[in-house]
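Each residue of the sequence shown is one higher than the one before, starting from 506 at the first, in this note's numbering.
Structure, as structure tokens:
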Amino acid sequence: MNESRFVVGAATDVGKLREVNEDAHGYLRASVGEVLVVCDGMGGHASGDVASKLARDAVLGSVLTAAADSDPAAVLTQAAAAAQARVRHASAAGPDRQGMGTTLVCALVQGQRATLANVGDSRAFIVRDGRAQQLSMDHTKGQQLLDGGVISAEQLASHPQKGVLYMALGQMSSEPVPHVVQVQLVEGDYLVLCSDGVYDCMVPDKLAALSSGVNPAYAAANLVRYAVEHDGKDNATVVIGRCLDVDRPVAAPVPLQPRAAPVAQPPAGSAEGSLPQTAGAAGSWRALTPYLLVAAVIGIIVGGIAV
């Protein structure tokens, strides 16, 4: 495969218990490559949803201005720093924003090479030949205990510090240092970026099974729907990219209907942060919004929050 293209799909859902979706996600094609991003805001009343959108926008904006020949690891490191500065600045805007923060996981795809960076516990996986491998690093105290040999993987699953972050954007006193890794892509690979509301309720093999063999828009919707149906305590967000041979046709996606509610497709150029909402069970408002973004289309599919 001398030339490749990257097809992207995404889905998000507020879940069964939350009133606000504090996740944010986005995708764009820039001169330096194609970037995917997922952020999971923290702080609840302290504007976690604002933090995630600010970080998402800062990352995409930073990558958009990078020169085509820039080092991809440096591009993502600089983008994470821009997101940190944006969230930190916004947290000083008022008492309702103090303490807000967000995780970050992002991928920069250049042909058959993908560079990934993360801060916090939002994850990136590569799915190849029906198997999922985690590429990101969880910046949690539980993971530190596991890495240090203090606890086993089985003990980590129920450990009280499993999800306690020691690194995130905005909240911590020290500057975050993103974990950066590169991977070579082959035809058929999926890159899966997701918030903990998705991966917490499934093992990697299940994630791979729900992702494999389908259009990324279907795969993203499958993962989010499974997460909500089998857990639903948290927001659930997925962005998936698939590496395809340039000559392989891409089937047009069919709109899905989560929980018997119609899904409205966002108009061209609409903001992800203001996607149409659909009524869910028990009178709550839900949004499950799969959409297909083809890498041949240049543009940003994100929301805007000005601070």
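Glycine residues also receive a C-beta, built at the ideal position from the N, C-alpha and C atoms.
Helix, strand or coil at E659 according to DSSP, with G and I counted as helix: Along the sequence shown, one-based indexing puts residue 659 at 154. Residue state, collapsed to three classes: helix.
Determine the contact status of A563 and A588, defining contact as a CB-CB distance below 7 Å. Within the sequence shown, the letter at position 58 stands for residue 563. Within the sequence shown, the letter at position 83 stands for residue 588. Contact: yes.
Give me the residue from L715, H735, Q687 with the minimum Cα distance to V614. On the sequence shown, residue 614 is found 109 positions in, with the first residue counted as 1. Nearest C-alpha to V614: Q687.
Assigned exposure category for P683 - 16 Cβ within 10 Å defines buried: By one-based count along the sequence shown, residue 683 stands at place 178. It counts as buried.
To which residues of the same chain is T582 closer than 8 Å at the C-beta, ignoring the five residues directly before and after it? The sequence position of residue 582 within the sequence shown is 77, counting from 1. Within the same chain, T582 has close Cβ partners A622, P683, V685.
Cβ shell of Q666 (< 6 Å), same chain only, five flanking positions each side left out: Within the sequence shown, residue 666 is the residue found at index 161, counting from 1. Once the five neighbours on either side are set aside, the close Cβ partners of Q666 are K646, G647.
Taking the alpha-carbon of S575 as reference, which of V519, A619, S596, V537 has the nearest alpha-carbon? As a first step, residue 575 must be located in the sequence shown, where it is residue number 70. Comparing Cα-Cα distances from S575 to each of V519, A619, S596, V537, the minimum goes to V537.
Does the distance from the C-beta atom of R523 to that of C544 stay below 7 Å? Your numbering for residue 523 matches position 18 in the sequence shown. Your numbering for residue 544 matches position 39 in the sequence shown. No, these two residues do not count as a Cβ contact at 7 Å.
Expressed to the nearest angstrom, what Euclidean distance is found between the alpha-carbon atoms of E539 and A612? Position 34 of the sequence shown, counted from the first residue, corresponds to residue 539. Position 107 of the sequence shown, counted from the first residue, corresponds to residue 612. Looking at the two C-alpha atoms, the distance is approximately 8 Å.
The region 704-712 touching the region 725-738, judged by at least three CB pairs closer than 8 Å: yes
So, with DSSP's three-state summary, where would you put L698? Here residue 698 refers to the residue found at position 193 of the sequence shown. L698: strand per DSSP, three-state reduction.
Identity of the residues DSSP links to G546 by a beta bridge: Numbered from its first residue, the sequence shown carries residue 546 at position 41. In the DSSP output, where bridge partners are listed per residue, G546 has T607.
Exposure of E734, with buried meaning 16 or more beta-carbon neighbours within 10 Å: Residue 734 sits at position 229 when you count from the first residue of the sequence shown. Its Cβ having fewer than 16 others within 10 Å, E734 is exposed.
Report the rounded CA-to-CA distance for M520 versus D554, giving the unit in angstroms. Locating residue 520 in the sequence shown gives position 15, where the first residue counts as 1. Locating residue 554 in the sequence shown gives position 49, where the first residue counts as 1. According to the sequence shown, residue 520 is Gly rather than Met. One C-alpha to the other measures close to 14 Å.
So is E527 buried or exposed if we call it buried at 16+ other beta carbons inside 10 Å? Counting from one through the sequence shown, the residue named residue 527 turns up at place 22. With 16 or more Cβ atoms within 10 Å of its Cβ, E527 is classed as buried.
8 Å contact criterion, which A590 and S567 should meet: CB distance rounded: As a position in the sequence shown, residue 590 is number 85, starting the count at 1. As a position in the sequence shown, residue 567 is number 62, starting the count at 1. Not confirmed; about 10 Å, so no contact.
Residue nearest to V513 in terms of C-alpha spacing, selected from V697, G635, V610, D701: If you number the sequence shown from 1, residue 513 lands on position 8. Out of V697, G635, V610, D701, V697 has the C-alpha closest to the C-alpha of V513.
Would you call V525 buried or exposed, if buried means 16 or more other Cβ atoms sit within 10 Å of its Cβ? Looking up residue 525 in the sequence shown gives position 20. V525 should be labelled exposed.
So what does DSSP say about D528, is it helix, strand or coil? Against the sequence shown, residue 528 aligns to sequence position 23. In the structure shown, D528 sits in a strand (DSSP, three-state: E or B).
Residues of its chain near L651, where Cβ-Cβ distance is below 6 Å and the 5 sequence neighbours each way are ignored: In the sequence shown, the residue the question calls residue 651 occupies position 146. For L651, where only same-chain residues beyond five positions count, the Cβ hits under 6 Å are L661.
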